[in-house]
Every structure is written in structure tokens, then in C-alpha cells.
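Just add 403 to the spot in the sequence shown (first one is 1) and you have the working numbering.
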Amino acid sequence: MSFGIDLNQLKEFLEPKNPKKLSEFGGVTKVCEALKSNLETGLSFNNADTNHTVVQTSTIVQDLEDKSLDEFKKVHPDDKNASFKERIDFYGTNTLPEPKSKSFLVFVWESLGDKTLIVLVIAAIVEIAIGIYKIIKTKETAGLFDGFAIVVAVLVVVIVTAGNDYRKQSQFRKLNDFSKGLASTKVIRNGQTTQIKNTELLIGDVAIIDTGDVIAADGIFIKGTDLKVDESSLTGESNAMLKDETKDPFLLSGTKVISGVGKMLIVGTGVNSVNGRILMTLNVETEETPLQKKLDGKEFPTDMYLKCCSIFISAVTLIVVAIPEGLPLAVTIALAHATLRMLKDNNLVRHLSACETMGNATTICSDKTGTLTMNQMTVVKGRIFNSEFDNQKRDVFQSSLLSTIPEDDKKQLLTLFGNCINVNSSADETENGEGKINFIGSKTDIALLNLTKLLGFSYKDDRKNANILEILPFSSEKKKMTTTVQYGAGDVCGTLKIPAKEQSEVLIFSKGASEIILSNCNKFVDEQGTLQDLTNAHKEKFVALIENYAKQALRTIAIGFKPLVNYDAKEEKGGEGQIVPEVSYSDPIGEEVPKAEVAKRDLSGEGLILLGIVGIEDPVRDAVPLAVKQCQNAGVVVRMVTGDNKVTARSIAQQCGILTEGGLVMEGPEFRNLSREEMDVVVLRLQVLARSSPLDKQILVNALKSK
404 MSFGIDLNQL KEFLEPKNPK KLSEFGGVTK VCEALKSNLE TGLSFNNADT NHTVVQTSTI
464 VQDLEDKSLD EFKKVHPDDK NASFKERIDF YGTNTLPEPK SKSFLVFVWE SLGDKTLIVL
524 VIAAIVEIAI GIYKIIKTKE TAGLFDGFAI VVAVLVVVIV TAGNDYRKQS QFRKLNDFSK
584 GLASTKVIRN GQTTQIKNTE LLIGDVAIID TGDVIAADGI FIKGTDLKVD ESSLTGESNA
644 MLKDETKDPF LLSGTKVISG VGKMLIVGTG VNSVNGRILM TLNVETEETP LQKKLDGKEF
704 PTDMYLKCCS IFISAVTLIV VAIPEGLPLA VTIALAHATL RMLKDNNLVR HLSACETMGN
764 ATTICSDKTG TLTMNQMTVV KGRIFNSEFD NQKRDVFQSS LLSTIPEDDK KQLLTLFGNC
824 INVNSSADET ENGEGKINFI GSKTDIALLN LTKLLGFSYK DDRKNANILE ILPFSSEKKK
884 MTTTVQYGAG DVCGTLKIPA KEQSEVLIFS KGASEIILSN CNKFVDEQGT LQDLTNAHKE
944 KFVALIENYA KQALRTIAIG FKPLVNYDAK EEKGGEGQIV PEVSYSDPIG EEVPKAEVAK
1004 RDLSGEGLIL LGIVGIEDPV RDAVPLAVKQ CQNAGVVVRM VTGDNKVTAR SIAQQCGILT
1064 EGGLVMEGPE FRNLSREEMD VVVLRLQVLA RSSPLDKQIL VNALKSK
């Protein structure tokens, strides 16, 4: 198989970024053709060529109706089932050369470089020389013992140190191999979605990226929504870079997706990626500075030479007399034993200096989800259509929960609820090595999809039947996800009897932090299945419900929707890579509003209809309370920094033992807005920071470091 583009041509697109050259080549479409790939179905392979587990493609990205990219749907069957071997031979893999391992003898030589051992060796040589002289002159053999004792002690120190370092090198190599297998990326192969290790990515793969992902290889943007990337680690640019098809379509390895979702064509892997080339430059040996080169080889004056001799003689005398030859041995063996004991506690120390560094630690700032908790989320309580259910009632949810709603209306309401979750989520199913089907993606989304699965709704069918127009993915700043979807008239919400002027085929689904979604709602669906105004009295009841769930250490998620009225199906590209209708809407009260303003207002989530609030349980890890207690006994303060609401964070912190008497619980925005003087006063008492953004976490860490 011959490819139509080589590595040098691909590098010219990225270093520096050159959209003009990409356009002259024919854009991402022509690059994909040259790489013998397909922008819709990805790489193709024979079943014998791979054992990757795959699932049917049903991700949100692939449902985006981007009219300007219709040409991408053309199939390029050239060598469709060709083996990946030729591709790997031509382009390489997404791995970097392993640094050369040191032999045991190298570690022995490095151990002998210790200045104390060098002085002891010199002293031993002198002792042995004197002993030999005494044997020759007086036939005394006792003089040799001290010298040989020092030599034996030095040899034991060197062998123990070298053996310890050699063993740690082997362990860290295994650990690095294991950690590489943990990082994975979603790709499309043979028209199906699969999750593979980052090291298995190939040039020509079509990858799916989402908020929070660290991009594993260089790529070219295909399509997506509001895709912003932090490239500060490579370019120094502090602002997040918005990606589109023309101005900046390049995605660089090692950068992080700040917001949005999208697809990219992999064009640079391993040493042929931007980040890979940077990492390779770090492996060169450090050269001497110009000053070191000038000083090297210069002879000292006689008086300086005499002073050095005097210092050396004094040092040898001091070491031989004051330091027992067994001291270095004792220290080395003690440290080696300590590292073995720490290894039993799953604490692998590579450099002994790290023990000293951690010995000076006074504070641990820990996230909640997946660190203090098990990250195994399940919906255990909820109020849907103003009717409550708990863990015991979930199995009879449809029959008992909505008993007050007519059967036909119940089915349509549950369909609306199921669509609001299934379409407005990014998790997906995959098959593991044992043939079991598991979800991959956001743990919160997985918990919600398991709920709709319990209700009998297939997320694949719902996504397939939905015409997705736009997505605003979840981010730690917005704390919600919003999706705009087009249906047939009355398909999912006809039973709600929405006023005619407010009806629409286009719906906005939104889910996220309960207090944020609730603040954006002005109506709700009651236990009779009818639409009601959300008065202050009703809102207070929902707030009390949220607080009640939060006190039980449940993460609360609210689900809402609203019709987008007077929608025209004709579309054009809007600002920031989003799809914006070409005509104006009128909002639900009949006011004519410019299209951009309405899109901004509607997608912000205002005027939602509340469907329900659910409580998600994420159990605390069994070992966490004891570990926190041990840290506190050692004088280390443990602080929890989380994105959950204040009440939930307080409850989890109490379960873990983090929140103690006199400790403070604050929210991120509140802490961020403190003056420097106020922050200095509260930071040492602050034990829980809730609803915190990445910026809030950075501010907290900097404030603690300054104390």
C-alpha cells in the first residue's frame, strides 16, 4: 500500500501551524484520502489484523448535522482492509524510544562517586599500605585489619545501594508500562467506535475528543462544537484556542481540551508529533556552560594547591577518626529498608530525596470523585414529575411512581425524560475483554444512562432518532451540559399541552448541577403530568429536596428542557464554530429578538421546564477515613477541593474525617473574591472548598504555599 503523503509533508502543516499549506493541499479531506483513511468510518482493518473490541457508533459528535462537511461522507475504499503493518512501518507508532536501562555495574560506579566513600577508600588504601609496610618491617599483621574493614564496609554500601537502585529501575519500568496502558482515546475504526490505548493510535485514525481530554497525538480538526484547547504548555499562549476548519484546525499532542467536543484526524504520533519531538530533546546530556569550559583545566596557584592539600588532610583525618566506617553502611541499609516498607504500603520511592520532600509536607489537597470516593455512581433517589422514588422503588418505577398519570400520558412523559438524558449525554457502551458490555465516559452520565436503561429506553435508539443541532458540553465552569435537538411535531412533549405559541419541533435539553438548573427554570411538570409555573414556594420545596439529598452525601443532578420556537431548518455557521439558525426566533412570550441574541439566551438555559432532580450515590472508599486519620496524627492537614455543592461536600468530608471542629467550608467563588488579607486569615482553617473551578484550586494552593 502506498500513501499519498509522507511524514515531512505532515510536519510542514504543524511546525509552525500553516492553515494555508493545508488548504493548498486540499484540506483535511485530501489529507485523509492520502492517508488511506475515511473521515466517517476511520481506518479499516481485517478481523485478523486486530483484536480491538468495538461498539456501534452512536456518539454525539457523529450525530452533528454539519452541512458544510457533507463531502466527508464520501467513502474512499482504496485498500480498505489493508493491514496496519504497512502503516506502522511507514509512519511509526505513538510511542517514544525507551531510555536505555543502566546495568548493575553502572549503578556500582555511580555509588562509588559518593565523596564520603571516596575519602574512605583513600583512607583504606593508606591503612593497607601502612599495614604492608609494618608486615615487611616488623612482621605485624594487625595493621591490615582496619584497612580491610573499611574496604569491606565500602563494598557492602556500594553493592546495597547499587542493588537497591537497580531494583527500583526495574520496578519503575514496569510501572511506566502499566501507566501507559491506562491512558486511552476513543477512535472510529471500520465505522465503529472503540476505545484504545494511546500507544495504539496510528496516523490516519479518526479520534473523538471531549472536555478534559489530554490530546495524545497531533491532529487536524474535522468537526465539533465549541472546541477550545489549552496550548499554553507548548505555545505559551494563555488563552484557550478555539478550533475550526479554517483559521486554526490543528490540535497538538500534550495539550488539553478545555471545552467542547469534536473529531480529529491523527497526523502525528510518537517522535513525529510536536510534543514527542520536544520530549526527545530533553534526553540529551547536559553540556558544560561556557564558564565551566573556561575554568576546566586551569591550574591553581601554589598557595591554593597547598590550601587544598591542607583541607584534604584535615577532612581525611576527621572522617577516619570521627566517623565510624559502619555509618554509611548503616544509613544506606536503613534507607533501603525504609523504601521496602513503603513499597508494602503501595508507595514506590524512586529517589530517596523524595522522602525528605514529602517529610516536609504539611497539607494534602485532594479531589473527591474517584480519590476519596469509589467513582462508582448510581442513582438511588429522585423526584421526577414531582413524584419521589428511592432505591427500593426503582424496580417498580414506571408502575408505582407515576400512578396518578394516565397511561398514555405516562409513556410520553417518560419518553421525554429518557430523551432528555440519553441525547444530552456523552457516555457510550463498549465490550470488555470478557465479552461484557460496559459504559465508558463520564461517571455521572453512566449513572443517568443506567437509570433510563432501567426505564426501558435505549440511548442508542434515542440518539439515532434525534437530529442534534448543537451541543454545549459539560465544563467545570458551567457545570451543565446542553443539547439542541430537532424532532417531529409533538413527538416527545405533546402531552404537556404547551401553549401553541410556545410549541416547537426544536427542543433544548439541559442537565447539570441542581441549583444551577433550578435557577434557570420557570416551570415544572407536576405529579399529574401537567405544566405548572415554578413559584417561589415550589422553588423552596425543590431547594429543600436538594439540601436533603446533599446531607445524605448524594450528588444532585437536575434535568430540564424547553422548546425553541419559530425555528427555521435552514442553517449557517455562527460564532465560535456553533450552528446558529439563519432566521430570527420569537421567544415564548412572543417578543421578536435577533437570532444571535435568542440563541445566546436560549442556550444559556433560561426559561427551562424542570422534569426532575435525582440523587447519585458515590460511596467513600473504605480505606479513606483511616488514611485521613493517620495523616492528621502525623501533623498533615487534609483538605477536600471539589466541584460538588456545599452541603454534599460537607457530608462527604464528615464521613472521611476531613472536616473537624472549627474547620471552614466555603464555595469557590466566595473564596476567590476574598481580599488578600481575608484569605490569609481563613485559608489555614479552610478544610473544604466546594463548587470550585480549576482557578479556585490554584488560588488555594498558592495561598497555602505562601503561608
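Don't be surprised by glycine CBs; every beta carbon is placed ideally from N, CA and C.
- Inter-residue distance for G594 and I611 is about 13 angstroms (C-alpha atoms, whole angstroms).
- Comparing alpha-carbon positions, the option among L854, F788, A956 lying closest to H941 turns out to be F788.
- Boundaries of the alpha helix (DSSP H) around G430: 430-437.
- Looking at the DSSP output, F653 shares a beta bridge with I623.
- In this structure the region 558-576 does not lie against the region 420-433, because fewer than three pairs of beta carbons, one per stretch, are closer than 8 angstroms.
- A Cβ-Cβ separation of about 33 angstroms leaves V609 out of contact with L858 under the 8 angstroms criterion.
- Taking C-beta atoms as the reference points, S514 and V561 count as a pair closer than 8 angstroms.
- C-alpha of R1053 to C-alpha of R1088: approximately 14 angstroms in a straight line.
- Counting C-beta atoms within 10 angstroms of its own C-beta, Y536 has fewer than 16 neighbours from the protein chains shown and is therefore classed as exposed.
- N1076 sits in coil when the DSSP states are folded into three classes, being neither helix nor strand.
- From the listed residues L875, E950, K771, the smallest Cα separation to P1028 is found for K771.
- In the DSSP secondary-structure assignment, S790 is bridged to I787.
- In this structure the region 920-928 does not touch the region 862-879; the number of beta carbon pairs closer than 8 angstroms is below three.
- Taking one beta carbon from each stretch, the region 655-667 and the region 624-635 have 3 or more pairs nearer than 8 angstroms; the two touch.
- The beta carbon of A643 sits closer than 6 angstroms to the beta carbons of K631, D633, I661 from its chain, once the five residues preceding and following it are set aside; these are given in chain order.
- For V670, the enclosing beta strand (DSSP E) begins and ends at 659-671.
- Boundaries of the alpha helix (DSSP H) around N868: 862-868.
- Beta bridge pairing from DSSP links P1022 with no other residue.
- In the three-state reduction of the DSSP assignment, Q955 falls in the coil class.
- Between P1097 and S879, the CB-CB gap stays under 8 angstroms.
- Put simply, the backbone Cα of T938 is about 24 angstroms away from that of K954.
- For F842, DSSP records a beta bridge to E832.
- Short of 7 angstroms from the beta carbon of R680, and not among the five residues preceding or following it, lie these beta carbons of its own chain, in chain order: V674.
- Around the Cβ of M884, a 10 Å sphere holds 16 or more other Cβ atoms; the residue is buried.
- For L921, the closest of L852, E1009, I606 by C-alpha to C-alpha distance is E1009.
- Sequence-distant partners of L410 (beyond 5 residues in either direction) whose C-beta falls short of 6 angstroms from its own C-beta, in its chain, are N675.
- Minimum Cα-Cα distance from D812 among the listed residues K1110, E930, L852 corresponds to E930.
- The DSSP-derived three-state label of E603 is helix.
- CA-CA distance, N778 to N1076, rounds to 31 angstroms.
- Our two residues, M780 and D1021, have alpha carbons roughly 5 angstroms apart in a direct line.
- In this structure, the beta-carbon distance from S917 to A961 falls below 8 angstroms.
- Of all alpha-carbon atoms in V1104, E530, R1042, L499, the one lying nearest the alpha-carbon of V1091 is that of R1042.
- Between E415 and G615, the alpha-carbon positions lie close to 28 angstroms from each other.
- With respect to the C-alpha of T833, the residue from K589, K882, G963 having the closest C-alpha is K589.
- Of the candidates I599, E1064, V1068, V1031, the residue whose Cα lies closest to the Cα of G1046 is V1068.
- Non-local C-beta neighbours of L637 in its own chain, meaning closer than 8 angstroms and more than five positions away in sequence, comprise L655, G657, T658, V677, N678, I681, ordered along the chain.
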